[in-house]
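The sequence shown stops at residue 711 when you use the numbering used here, and every number in between is there.
Even glycine gets a Cβ: it sits at the ideal position worked out from N, Cα and C.
This one's a predicted model, so the numbers in the text were calculated from it and none came from an experiment.
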Amino acid sequence: MLKELNAMARAHSTRFAAAVLVVFVAVTAWADQPPKLAGPDGGLPDRLAIQQRITYWLDALAGDEDIRKITEARRRLISDYLHFDDPQFRYDYASLTATSVLKMFGQLNDGELRQVRELNAAIAVARMDQVSVQPALEQMIVHRNPAVRLWGWRGFAAIRQLSLAQGEGPANALFEALRQRSKAEPSGLVCGVIFDVMALPPVAPETVPEDVWAAASKTFLQILSASWSRCTTHVSEGRLPWIDAAGRALPTLKLLARPHSDEPDAVKEPLQLIVNLMYAAFRAYDRSEPGDDVNSTTSALLLACESALRSFTGITDSAIKAALTKRGNTAEQKRDQAGLAVAAWVKLLKDYEVKKPDIKLVDNGDETPADAAPEPAPDDD
Numbered sequence: 331m332l333k334e335l336n337a338m339a340r341a342h343s344t345r346f347a348a349a350v351l352v353v354f355v356a357v358t359a360w361a362d363q364p365p366k367l368a369g370p371d372g373g374l375p376d377r378l379a380i381q382q383r384i385t386y387w388l389d390a391l392a393g394d395e396d397i398r399k400i401t402e403a404r405r406r407l408i409s410d411y412l413h414f415d416d417p418q419f420r421y422d423y424a425s426l427t428a429t430s431v432l433k434m435f436g437q438l439n440d441g442e443l444r445q446v447r448e449l450n451a452a453i454a455v456a457r458m459d460q461v462s463v464q465p466a467l468e469q470m471i472v473h474r475n476p477a478v479r480l481w482g483w484r485g486f487a488a489i490r491q492l493s494l495a496q497g498e499g500p501a502n503a504l505f506e507a508l509r510q511r512s513k514a515e516p517s518g519l520v521c522g523v524i525f526d527v528m529a530l531p532p533v534a535p536e537t538v539p540e541d542v543w544a545a546a547s548k549t550f551l552q553i554l555s556a557s558w559s560r561c562t563t564h565v566s567e568g569r570l571p572w573i574d575a576a577g578r579a580l581p582t583l584k585l586l587a588r589p590h591s592d593e594p595d596a597v598k599e600p601l602q603l604i605v606n607l608m609y610a611a612f613r614a615y616d617r618s619e620p621g622d623d624v625n626s627t628t629s630a631l632l633l634a635c636e637s638a639l640r641s642f643t644g645i646t647d648s649a650i651k652a653a654l655t656k657r658g659n660t661a662e663q664k665r666d667q668a669g670l671a672v673a674a675w676v677k678l679l680k681d682y683e684v685k686k687p688d689i690k691l692v693d694n695g696d697e698t699p700a701d702a703a704p705e706p707a708p709d710d711d
């Protein structure tokens with residue numbers, strides 16, 4: 331009998347412990363759920379409810395050691411922002427997220443996942459296309475992490491039209507950010523995105539007055555022109571990220587200069603900028619080895635420069651294309667013929683007063699270009 335009672339007691343104890351465990355797990359799982367993104371009546375949440383939800387995801391983003399969960403927290407921030415198609419909700423959600431992310435940046439420990447956390451937080455802010463995130467973007471573009479800076483500029487690209495539509499304050503802040511960082515940004519990868527931000531279409535949208543749009547286009551052109559020589563210097567040294575950035579700057583230049591092409595001498599400066607870049611690209615091409623990345627990217631850049639010159643002037647010459655694409659041409663023949671074609675463009679543009687740049691087409695000095703390893707692209711998941 332005693333054995334039977336002990337067995338019954340052990341069985342009861344086991345069932346009780348299991349029941350307690352189930353309840354504990356259920357309570358723990360419930361406690362770990364994010365705060366509801368809804369108001370008391372099930373409608374739109376107020377700012378307090380929004381902030382609680384944002385804090386929950388940012389705590390996970392800042393504290394979890396699992397990269398998958400960090401990424402998921404970023405995705406949930408973005409999906410929350412898109413959850414309600416209500417302008418005020420999205421404005422508030424973006425504003426509160428941006429403020430909270432800046433605070434988080436200042437509190438992160440220097441662990442091995444710090445840059446991963448910073449990147450995911452930056453992506454979340456950049457994906458919220460509200461002018462309310464602009465103050466945060468202004469801080470992101472000077473962050474020590476280049477991936478954060480890159481996403482700061484992608485965020486600016488997303489709200490550029492909104493900034494111009496808001497009036498002088500946001501617009502001037504955008505101009506000043508572009509003016510300062512286009513001259514100081516050390517990463518060619520990031521500078522390529524800066525050039526993208528300035529790619530203003532010629533026709534103003536309905537939300538922005540035409541005179542404001544035209545003034546912005548002229549300002550962007552001035553900023554781009556001021557940063558051009560820095561870019562061409564890096565291109566001439568065979569730096570791959572800057573070669574890519576220059577390739578993105580060309581279509582931006584075409585967009586910005588085209589609206590003013592009916593003004594006297596309007597295309598003179600753009601043509602000079604393109605020729606300067608073309609000479610720099612050929613210098614790097616001439617120093618490269620056939621088949622390497624610098625050779626292929628500068629070849630493509632030379633073709634893009636010639637295409638831009640033809641587009642601006644209507645001149646039909648395509649000697650660079652002929653030199654680089656002619657079947658049967660050896661590597662040496664391509665170099666020689668392309669060099670002659672580049673120099674010939676200055677003569678073709680004499681009516682526009684274009685000058686030969688102070689860049690040697692053939693450099694007999696150090697044949698080893700500066701480190702041309704491309705920077706890794708941040709996660710755009």
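Can you check the segment 502-559 for any alpha helix (DSSP H) of at least 4 residues that lies completely inside it and give the ranges in chain order?
518-527
Under the rule that 16 or more other beta-carbon atoms within 10 Å means buried, what is A456, buried or exposed?
On the sequence shown, residue 456 is found 126 positions in, with the first residue counted as 1. Under this definition A456 is a buried residue.
Would you tell me roughly how many angstroms separate the C-alpha atoms of G518 and I573, rounded to the nearest one?
Sequence index remark: in the sequence shown, residue 518 carries index 188 (1-based). Sequence index remark: in the sequence shown, residue 573 carries index 243 (1-based). Between G518 and I573, the C-alpha separation is close to 8 Å.
Relative to the C-alpha of Q491, which candidate in D459, K680, Q602 has its C-alpha closest?
In the sequence shown, the residue the question calls residue 491 occupies position 161. If we check each option's Cα against that of Q491, D459 comes out closest.
Excluding five sequence neighbours on each side, which residues of the same chain lie with their C-beta closer than 6 Å to the C-beta of L504?
Here residue 504 is taken as the residue at index 174 of the sequence shown, counted from 1. Excluding positions up to five away in sequence, the list reads S493.
Taking only the alpha-carbon atoms, compute the straight-line gap between F525 and R406 and give it to the nearest angstrom.
Taking the sequence shown and counting its residues from 1, the one referred to as residue 525 is at position 195. Taking the sequence shown and counting its residues from 1, the one referred to as residue 406 is at position 76. Near 30 Å, if we compare the C-alpha coordinates of R406 and F525.
DSSP on L351, reduced to helix/strand/coil?
Within the sequence shown, the letter at position 21 stands for residue 351. Only weak support is given to the placement of L351: the predicted model assigns it a pLDDT of 38, under 50, and the question is left unresolved by the model.
Is it buried or exposed, I489, if we count other Cβ atoms within 10 angstroms and call 16 or more buried?
Your numbering for residue 489 matches position 159 in the sequence shown. It is buried - the Cβ of I489 has at least 16 other Cβ atoms within 10 Å.
Label A556 either buried or exposed according to how many other C-beta atoms from any shown protein chain fall within 10 Å of its C-beta, with 16 as the threshold for buried.
On the sequence shown, residue 556 is found 226 positions in, with the first residue counted as 1. Exposed, by the Cβ-count rule.
Nearest CA to the CA of G613: which residue from T563, I645, A649?
Your numbering for residue 613 matches position 283 in the sequence shown. Correcting the residue identity first, residue 613 is Arg in this sequence and not Gly. Comparing Cα-Cα distances from R613 to each of T563, I645, A649, the minimum goes to T563.
Is the distance from the Cβ of V605 to the Cβ of V523 below 8 Å?
Sequence index remark: in the sequence shown, residue 605 carries index 275 (1-based). Sequence index remark: in the sequence shown, residue 523 carries index 193 (1-based). Going by C-beta atoms, V605 is not nearer than 8 Å to V523.
By alpha-carbon positions, which one of Y411, A661, S648 ends up nearest to A673?
Along the sequence shown, read from residue 1 onward, the residue named residue 673 stands at position 343. For A673, the nearest C-alpha among the options comes from S648.
Three-state secondary structure assigned by DSSP to T401:
Your numbering for residue 401 matches position 71 in the sequence shown. Helix.
Separation of S566 from N502, as counted between CA atoms
Locating residue 502 in the sequence shown gives position 172, where the first residue counts as 1. Locating residue 566 in the sequence shown gives position 236, where the first residue counts as 1. Going from the Cα of N502 to the Cα of S566 covers about 33 Å.
At what residue ranges does the segment 575-631 contain a whole run of the alpha helix (DSSP H), taking only runs of 4 or more?
598-617
Start and end of the alpha helix (DSSP H) containing A368?
Indexing the sequence shown from 1 puts residue 368 at position 38. Note, A368: premise wrong, no alpha helix (DSSP H); not H, not E.
Enclosing alpha helix (DSSP H) for S430 [first to last residue]
By 1-based counting over the sequence shown, the position of residue 430 is 100. That run of the alpha helix (DSSP H) goes 417-437.
Distance check for I650 and W675, CA to CA, integer angstroms please.
In the sequence shown, residue 675 corresponds to position 345, counting from 1. In the sequence shown, residue 650 corresponds to position 320, counting from 1. The alpha-carbon atoms of W675 and I650 are separated by roughly 9 Å.
Does the beta-carbon of R484 have 16 or more other beta-carbons within 10 angstroms, so that it is buried, or is it exposed?
Here residue 484 refers to the residue found at position 154 of the sequence shown. Flag for R484 reads buried.
When you compare each of I397, T401, I384, D440 to S425 by their alpha carbons, which one comes out closest?
Stepping through the sequence shown from its first residue, residue 425 is reached at position 95. It is I384.
Neighbour-count burial assignment, T646, 16 or more Cβ in a 10 Å radius:
The sequence position of residue 646 within the sequence shown is 316, counting from 1. Label assigned to T646: exposed.
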